[in-house]
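Residue numbers (my numbering), protein chains in the order written: chain L, 1 to 296; chain Z, 297 to 592.
Glycine included, C-beta positions come from ideal geometry on N, C-alpha and C.
Number of protein chains: 2
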Amino acid sequence: MPTNRLGGVFAPVLTPMFDDLTPDTPKWIAFCKQLLADGCTGLAPFGTTSEANSLGLSERMEMLDALIEAGVPAARLMPGTGMCAIPDTVKLSAQAARLGCGGVLLLPPFYYKGVSEDGVFRAVAEVIERVGDDRLKVYIYNIPPIAVVGYSLAVIERLLAAYPGTVVGMKDSSGDWAYQQAVLEGFPGFDVFTGSERYLLANLRLGGVGTISAMANVIPDKIRFLYDNYLAANADQVQADLNRPREATKDYAAIAALKQIMAARTGDRTWITLRPPLINLSQAAADELLAKFAAA
Amino acid sequence: MPTNRLGGVFAPVLTPMFDDLTPDTPKWIAFCKQLLADGCTGLAPFGTTSEANSLGLSERMEMLDALIEAGVPAARLMPGTGMCAIPDTVKLSAQAARLGCGGVLLLPPFYYKGVSEDGVFRAVAEVIERVGDDRLKVYIYNIPPIAVVGYSLAVIERLLAAYPGTVVGMKDSSGDWAYQQAVLEGFPGFDVFTGSERYLLANLRLGGVGTISAMANVIPDKIRFLYDNYLAANADQVQADLNRPREATKDYAAIAALKQIMAARTGDRTWITLRPPLINLSQAAADELLAKFAAA
Numbered sequence: 001m002p003t004n005r006l007g008g009v010f011a012p013v014l015t016p017m018f019d020d021l022t023p024d025t026p027k028w029i030a031f032c033k034q035l036l037a038d039g040c041t042g043l044a045p046f047g048t049t050s051e052a053n054s055l056g057l058s059e060r061m062e063m064l065d066a067l068i069e070a071g072v073p074a075a076r077l078m079p080g081t082g083m084c085a086i087p088d089t090v091k092l093s094a095q096a097a098r099l100g101c102g103g104v105l106l107l108p109p110f111y112y113k114g115v116s117e118d119g120v121f122r123a124v125a126e127v128i129e130r131v132g133d134d135r136l137k138v139y140i141y142n143i144p145p146i147a148v149v150g151y152s153l154a155v156i157e158r159l160l161a162a163y164p165g166t167v168v169g170m171k172d173s174s175g176d177w178a179y180q181q182a183v184l185e186g187f188p189g190f191d192v193f194t195g196s197e198r199y200l201l202a203n204l205r206l207g208g209v210g211t212i213s214a215m216a217n218v219i220p221d222k223i224r225f226l227y228d229n230y231l232a233a234n235a236d237q238v239q240a241d242l243n244r245p246r247e248a249t250k251d252y253a254a255i256a257a258l259k260q261i262m263a264a265r266t267g268d269r270t271w272i273t274l275r276p277p278l279i280n281l282s283q284a285a286a287d288e289l290l291a292k293f294a295a296a
Numbered sequence: 297m298p299t300n301r302l303g304g305v306f307a308p309v310l311t312p313m314f315d316d317l318t319p320d321t322p323k324w325i326a327f328c329k330q331l332l333a334d335g336c337t338g339l340a341p342f343g344t345t346s347e348a349n350s351l352g353l354s355e356r357m358e359m360l361d362a363l364i365e366a367g368v369p370a371a372r373l374m375p376g377t378g379m380c381a382i383p384d385t386v387k388l389s390a391q392a393a394r395l396g397c398g399g400v401l402l403l404p405p406f407y408y409k410g411v412s413e414d415g416v417f418r419a420v421a422e423v424i425e426r427v428g429d430d431r432l433k434v435y436i437y438n439i440p441p442i443a444v445v446g447y448s449l450a451v452i453e454r455l456l457a458a459y460p461g462t463v464v465g466m467k468d469s470s471g472d473w474a475y476q477q478a479v480l481e482g483f484p485g486f487d488v489f490t491g492s493e494r495y496l497l498a499n500l501r502l503g504g505v506g507t508i509s510a511m512a513n514v515i516p517d518k519i520r521f522l523y524d525n526y527l528a529a530n531a532d533q534v535q536a537d538l539n540r541p542r543e544a545t546k547d548y549a550a551i552a553a554l555k556q557i558m559a560a561r562t563g564d565r566t567w568i569t570l571r572p573p574l575i576n577l578s579q580a581a582a583d584e585l586l587a588k589f590a591a592a
């Protein structure tokens with residue numbers, strides 16, 4: 001992997017919030033720094049797990065400014081910038097490029113359903129043309145279980161042909177390994193991050209560049225260990241061990257579960273706040289989850 | 297219906313755009329005025345059909361300001377204000393209330409899927425509390441075929457109990473008549489607009505207040521005629537006649553089809569522009585659609 005390309009273990013950073021639902025930016029910045037110290041090679045603030053889609057446009061811009069001002073290297077950041085409307089996506093993406101972010105993680109416009117491949121291509125193309133900044137590096141974000149709208153292989157092919165130096169990779173959270181394998185095999189040099197660390201070993205073996213995983217918020221060291229040792233003889237066992245924490249959390253709303261783990265670990269109850277429409281776990285569910293996670 | 301409540305025929309106003317995809321605000325304002333002259337009792341700018349979710353936050357705010365400054369009565373407007381993130385929804389809703397709009401049309405937060413009823417309730421509650429303006433009149437917007445997230449009967453019941461003077465009605469675009477009937481029968485005094493004029497007669501007969509229909513962009517007079525004559529002996533025949541234009545367009549992407557009709561009617565080709573991810577019809581499809589619509 002060329003040194004100027006992103007790879008490794010990225011966390012879609014959880015967003016701590018005060019009781020009044022405003023982001024606790026100092027706590028968030030400290031958490032970002034801790035994740036980098038604990039094994040993350042980079043960060044994807046404003047991912048799905050970050051509740052980015054529950055943050056306002058100006059909140060996101062102010063938080064990114066503050067994060068970089070606080071000394072987190074922009075080159076290690078891949079903020080989520082994909083909104084429903086092109087002008088809003090352009091605002092966030094242009095800011096990220098201007099600040100020197102290593103990349104942006106780009107959801108397709110996700111309100112309208114049943115849109116054409118041509119429509120998705122044109123939406124991304126408009127964003128790139130309007131940002132008009134050679135520093136922009138786009139990682140498309142494929143997460144049809146939530147966004148419903150996704151990126152087909154045909155759209156990826158068209159984007160790579162049209163913007164070869166700008167569309168450089170993707171995060172695949174489809175949960176569909178056959179799709180990810182087809183991308184890895186079909187587009188060599190296109191940097192594929194798997195959205196779940198349970199596919200990390202398979203991703204790396206097929207030339208993928210790592211993972212952007214919600215679990216990296218709570219077990220960055222374990223995920224990093226597999227990334228660093230994927231050629232080791234016992235790599236399959238390391239992957240199997242790595243799957244247990246995710247398995248322990250799978251029956252609970254994912255973001256709420258991770259926030260409970262953070263609250264338990266830090267003794268700081270403010271971690272458990274989520275913005276509606278997401279809500280935190282009941283005490284009973286939280287207790288059960290924490291016991292399962294501790295035993296994993 | 298009390299005179300200070302909205303009812304009748306509302307158009308989710310199509311948004312004309314220049315080739316560079318910026319909204320043609322003067323043309324849009326003129327079209328709004330024409331719709332009111334042609335039979336619409338009110339307007340729902342920034343609905344799904346308006347491509348509102350493809351417009352940036354500041355574009356929407358500037359356009360609403362301009363529309364009211366141009367003399368369109370705010371009391372007859374129900375702008376769409378529901379975004380994914382509460383702060384953005386609050387900005388748009390507070391502006392609408394401050395400007396005296398008759399109501400706001402509120403999508404639930406639609407990014408996260410599988411959210412709880414409690415989460416949807418809390419999201420709407422947060423918006424109402426944060427706007428904190430007695431002038432705010434909320435019409436919830438139920439459109440699960442596109443937003444996926446919808447409003448259940450239990451959520452409606454909770455909202456009406458908590459905010460009886462603020463949550464005053466809804467637009468139901470579920471396409472599920474059994475659902476709409478249950479709302480009409482279950483919540484007397486809650487003002488239900490049907491999202492499709494093909495249910496207008498049924499809606500009015502059960503105490504509904506009218507329709508907010510995409511087709512009102514192109515046949516406001518015909519829809520208004522049924523609204524004004526729904527007690528007439530031949531009302532069923534009027535409804536059947538009214539269904540033909542929609543039937544003629546149903547095989548085509550809805551917003552693109554309506555923009556083609558506008559372009560053909562006005563001789564103004566700029567009407568056909570849509571913002572990605574939506575795209576216009578091929579010439580062949582447009583020709584076919586226009587022939588069917590003309591014959592309807």
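List the residues of chain Z whose Cβ lies closer than 9 Å to the Cβ of residue i, in chain order.
i        : result
L/Glu126 : Leu317, Arg571, Pro572
Less than 8 Å between the beta carbons of residue i and residue j, yes or no?
i        : j        : result
Z/Cys328 : Z/Val305 : no
Z/Phe406 : Z/Val445 : yes
Z/Pro484 : Z/Gly506 : no
Z/Ile575 : L/Asp118 : yes
L/Lys137 : L/Gly103 : yes
Z/Leu339 : Z/Ala307 : yes
L/Pro23  : L/Met63  : yes
L/Leu106 : L/Tyr163 : no
L/Leu67  : L/Cys101 : no
L/Phe293 : L/Pro245 : yes
L/Ala97  : L/Asp65  : no
Z/Phe489 : Z/Gly465 : yes
L/Phe121 : L/Val90  : no
L/Phe18  : L/Thr270 : yes
Z/Tyr447 : Z/Gln476 : no
Between which two residues does the beta strand (DSSP E) carrying residue i extend?
i        : result
Z/Met276 : Since the first and last residues shown for chain Z are 297 and 592, residue 276 of chain Z lies out of range.
L/Asp191 : 191-194
If the cut is a Cβ gap below 7 Å, which residues of chain Z does residue i touch?
i       : result
L/Glu69 : Going along chain Z, no residue has its Cβ under 7 Å from L/Glu69, so there is no contact; the nearest lies around 21 Å.
Between the options, which has its C-alpha nearest residue i's C-alpha?
i        : options                                : result
L/Ala202 : L/Pro220, L/Asn217, L/Ala178, L/Ala214 : L/Ala178
L/Asp88  : L/Glu59, L/Ile68, L/Ala66              : L/Glu59
Z/Gln330 : Z/Val368, Z/Glu347, Z/Ala348           : Z/Val368
L/Val238 : L/Lys222, L/Phe293, L/Glu51, L/Ser116  : L/Lys222
Z/Ala559 : Z/Pro572, Z/Glu543, Z/Ala544, Z/Gln579 : Z/Gln579
L/Asn217 : L/Tyr151, L/Val120, L/Val13            : L/Val13
Z/Ala587 : Z/Ile364, Z/Ile557, Z/Ala392, Z/Phe489 : Z/Ile557
Z/Leu351 : L/Ala123, L/Pro245, L/Gly186           : L/Ala123
Z/Lys467 : Z/Pro516, Z/Arg520, Z/Ile508           : Z/Ile508
Z/Arg600 : Z/Ala392, Z/Gly461, Z/Phe314           : As displayed, chain Z neither begins before 297 nor continues past 592, which places residue 600 of chain Z out of reach and without an answer.
L/Ala214 : L/Val192, L/Asn234, L/Ala253           : L/Ala253
L/Arg135 : L/Ser152, L/Val120, L/Ala94            : L/Ala94
Z/Pro404 : L/Leu281, L/Pro276, L/Glu51, L/Ser173  : L/Pro276
L/Tyr139 : L/Pro79, L/Ser196, L/Ala85, L/Met61    : L/Pro79
Z/Pro440 : Z/Thr344, Z/Asp532, Z/Ala592, Z/Ala529 : Z/Thr344
Z/Thr569 : Z/Ala581, Z/Leu554, Z/Asp583           : Z/Leu554
L/Ser50  : L/Asp251, L/Ala286, L/Asp287, L/Trp28  : L/Trp28
Can you tell me which residues form a DSSP beta bridge with residue i?
i        : result
L/Val9   : L/Thr211
L/Leu106 : L/Ile140
Z/Gly376 : Z/Leu401
L/Leu43  : L/Ala11, L/Leu77
Z/Pro261 : Lying outside 297 to 592, the shown extent of chain Z, residue 261 of chain Z is not represented and no answer is given.
L/Met17  : L/Pro23
What does residue i touch in chain L if you count any residue whose Cβ is under 9 Å from its own?
i        : result
Z/Arg542 : Going along chain L, no residue has its Cβ under 9 Å from Z/Arg542, so there is no contact; the nearest lies around 18 Å.
Z/Pro375 : Correct list: empty, because the minimum Cβ distance to chain L is about 15 Å.
Listing by chain order, which chain L residues have their CB less than 8 Å from the CB of residue i?
i        : result
Z/Lys409 : Pro145, Ile146, Val148
Z/Val416 : Pro276, Pro277
Z/Ser492 : Simply none; closest approach about 17 Å.
Z/Asn349 : Cys84, Ala85, Pro109, Tyr111, Tyr112
Could you spell out where the alpha helix (DSSP H) holding residue i opens and where it closes?
i        : result
L/Val120 : 117-131
Z/Asn576 : Segment: none, Z/Asn576 is in no alpha helix (DSSP H) and carries neither H nor E.
L/Val90  : 86-98
Z/Leu455 : 449-458
L/Arg135 : Segment: none, L/Arg135 is in no alpha helix (DSSP H) and carries neither H nor E.
List, in chain order, every chain L residue whose beta-carbon is nearer than 7 Å to that of residue i.
i        : result
Z/Gly419 : Before going further, note that residue 419 of chain Z is Ala rather than Gly in the sequence given. What Z/Ala419 touches in chain L: Pro276, Pro277.
Z/Leu353 : Leu57, Asp88
Z/Ser412 : Ile279
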